[in-house]
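Protein chains: 2
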Amino acid sequence: MTDRIEVLAVVGLPEVRPGDDLAALIAGAADLVEGDVVVVTQKVVSKAEDRLVDIDPEAGHRPLVERESVRILRRRGDLVIAETEHGFVCANAGVDLSNVEAGQAALLPVDSDRSARRIRDALRHRFSVNVAVVVSDTFGRPWRRGVTDVAIGCAGLRPVVDLRGTTDALGRELQVTEVAVVDEIAAAAELVMGKAAGVPVAVVRGIDPLWFGDGSVVDDVVRSPDEDLFR
Amino acid sequence: MTDRIEVLAVVGLPEVRPGDDLAALIAGAADLVEGDVVVVTQKVVSKAEDRLVDIDPEAGHRPLVERESVRILRRRGDLVIAETEHGFVCANAGVDLSNVEAGQAALLPVDSDRSARRIRDALRHRFSVNVAVVVSDTFGRPWRRGVTDVAIGCAGLRPVVDLRGTTDALGRELQVTEVAVVDEIAAAAELVMGKAAGVPVAVVRGIDPLWFGDGSVVDDVVRSPDEDLFR
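Residue numbers (our numbering), protein chains in the order written: chain A, 1 to 231; chain B, 232 to 462.
Structure follows, in structure tokens:
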């Protein structure tokens, strides 16, 4: 158990472009220490990985949304809630029109866990700092207004920490205690990013060392449809 | 925009009992400064407000869940996902069996926004410190494994920060930017609480001063059924 964490915005990053070396940009702008979690927004990962596509001026972005969806859960007006091939359920299947050039859209990374792993490996091997990496995105949710940031990829971190079977403070067995710490880390990072301020990277410093390890958001956080009560 | 926040566990609180003065306990254990957000878990608020009820040894906790529900959304085995009278959608309608004495359950506070307001008012008037207060609880969510902490009440804070109409870093209008900062604050706080460690209060220090103001989780975060695509 840790009794204090810090969340630090990484300021001074240049506008990210296709082909950019994100790990080098991050290492140049942030003063990382072992045990940090580096949270990188989907937007800059998608840009660096050149997941930018042109929007057909006549058809608009809707064909892109259809193409990125394996299943449409709900439609209302312009809003489509869809499941992506990764298993994420989100607005417009993650097709994103904000903070990209007019006429373009940013698609989700092909494999955000791999994106996180690449950044982590580069930081470790080329910049000699052992950190975990989370790729975050901004999702809505049912029943509650407002968006929050969640994780769509991670590396070097156990995304869900399973406390089942440990006892609570009164010595009784806890019931539901699989905590999605990776999503709480993404949410905490968002508090210093600001939606319009263009800060796409933050560092969460001081998390419980026991949470470091192996894991994948797609494998460990995405619920399979058969165990999901809402699909 | 803030570029750094701290999240601090408030350690050393005694076991909370019905009738306890939570504000006094918090003021005694935490070194609060103006602009802090004090996050208090539902469990200790429910205990202080004596929302503990006995479980009928024969019937178990199910009648309590039925009584606390205005609508059952899903059932599977022992799990009930229900809407409470406040509009929260959560497991067992918030009826909580962990960290209470055997044979008892903790119900949600009657009005968690009011609970937050009382703690905030007491801290302000009796302990002369101007902070915001969030009451948090641990909820599951569809589509993603693991629980995260969200807000069920707040005072002195704008729970959803509306950035609609402001421009992004490329000068284009942002699309969906109502950020539920109150839930992100609850999630960040959980990172230092630990599920089994019995730390029921944390302080989030350094959030954007613009986020302070009036608001209510029930009024501003709970989605009304008519605008909800998943009810």
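For glycine and all other residues, C-beta sits at the position ideal for the given N, C-alpha and C.
The C-beta distance from isoleucine 185 of chain A to valine 38 of chain A rounds to 10 Å, too long to fall under 8 Å, and the pair is not in contact. Between arginine 307 of chain B and leucine 229 of chain A, the C-beta gap is smaller than 9 Å, which places the two residues in contact.
Note on leucine 32 of chain A: 16 or more other CB atoms within 10 angstroms of its CB, so buried under the neighbour-count rule.
Straight across, the Cα-Cα distance linking serine 216 of chain A with valine 412 of chain B is about 26 Å. Relative to alanine 382 of chain B, the option among B:Val271, B:Phe443, B:Gly425, B:Arg357 whose CA is nearest is B:Val271. The secondary-structure analysis by DSSP pairs serine 69 of chain A across a beta bridge with A:Thr84. Note that the C-beta distance between isoleucine 257 of chain B and leucine 244 of chain B is below 9 Å.
Straight across, the Cα-Cα distance linking aspartate 162 of chain A with aspartate 220 of chain A is about 11 Å. Sorting A:Ala106, A:Phe212, A:Ala132 by C-alpha distance to the C-alpha of histidine 61 of chain A places A:Ala106 at the top. For phenylalanine 370 of chain B, the three-state secondary structure derived from DSSP is strand. In terms of beta-carbon proximity, threonine 41 of chain A stays away from the interface with chain B, with every pair separated by 9 Å or more. Going by DSSP, alanine 419 of chain B is part of the alpha helix (DSSP H) stretching over 412-424. Counted as a single uninterrupted DSSP element, the stretch harbouring aspartate 352 of chain B is not any beta strand (DSSP E) but the alpha helix (DSSP H) occupying residues 343-358.
Closest option to histidine 317 of chain B, judged by alpha-carbon separation, among B:Leu339, B:Asn323, B:Met424: B:Leu339. Between the alpha carbons of serine 112 of chain A and arginine 223 of chain A lies a distance of about 16 Å. When 7 Å is used as the limit between beta carbons, alanine 411 of chain B is near these residues of chain A: Arg144, Arg145, Gly146, Val147, Thr148, in chain order. For aspartate 327 of chain B, no alpha helix (DSSP H) segment is defined, and its DSSP state is neither H nor E. Nearest CB-CB separation between phenylalanine 230 of chain A and chain B: below the 9 Å threshold. The straight-line gap separating the alpha-carbon atoms of valine 131 of chain A and glycine 387 of chain B is approximately 36 Å.
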